[in-house]
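Enquirer: Following this message is one structure expressed as C-alpha cells.
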Amino acid sequence: LLRILQLNPPVLLLDEPTASLDEDSAQAVQKLVGQWQEDNPQAAYIWISHSEQQINQVGDEIWYLDAGRITHTRKSTRAGGNNAGN
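1391 is the number that my numbering gives to position 39 of the sequence shown; each next residue is one higher, with no gaps.
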C-alpha cells in the first residue's frame, strides 16, 4: 500500500484493505489513506468493505451493491448523512 500511495495515483481501489488486520492495524491503514487523500485532494479512493461502521468512518458517499448492481446510495454519517438511502 505504501508503494502505491507514493506514486500518487488519481484513483485508488481498496478492496477490503483491512481484512484480517487487528483493530490497531486497521486504524493505521484508515489513517494512512486519509492522510494520502488530504495530501492529494484531486485524487479519489474507492473503499470496498462489508463493515458499515468502517465505511462510515472512511467514506463520504456510500454505494450499496447487490449482484453487481447499485441498489441505493447515501452520504456517510461522516459526511453529514444519515442511514437512510436513496
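The beta-carbon is built from N, C-alpha and C at its ideal position, and this holds for glycine as well. Note that the structure is predicted; figures quoted are calculated from it, not measured.
Which residues share a DSSP beta bridge with residue 1396?
Expert: Residue 1396 is bridged to 1363.
Enquirer: By DSSP's criteria, residue 1383 is part of a beta bridge. Which residues make up the other side?
Expert: Paired residue(s): none; residue 1383 is not in a bridge.
Enquirer: Beta-carbon separation of residue 1398 and residue 1354 under 8 Å?
Expert: Their beta carbons are not under 8 Å apart, which means residue 1398 does not touch residue 1354 by this criterion.
Enquirer: Would you please state the rounded distance, in angstroms, between the beta carbons of residue 1389 and residue 1395? I believe it to be under 8 Å.
Expert: About 6 Å separates the two Cβ atoms, so the contact holds.
Enquirer: Over what stretch of residues does the alpha helix (DSSP H) that includes residue 1413 continue unbroken?
Expert: Segment 1413-1418 is the beta strand (DSSP E) holding residue 1413; no alpha helix (DSSP H) there.
Enquirer: Measure the alpha-carbon distance for residue 1411 versus residue 1393 and round it to whole angstroms.
Expert: So the alpha carbons of these two residues sit roughly 14 Å apart.
Enquirer: Measuring only the C-alpha atoms, how far is residue 1384 from residue 1370?
Expert: Approximately 12 Å between the Cα atoms of the pair.
Enquirer: Kindly indicate which residue of 1424, 1357, 1427 has the alpha-carbon position closest to the one of residue 1387.
Expert: Comparing Cα positions, the closest option is 1357.
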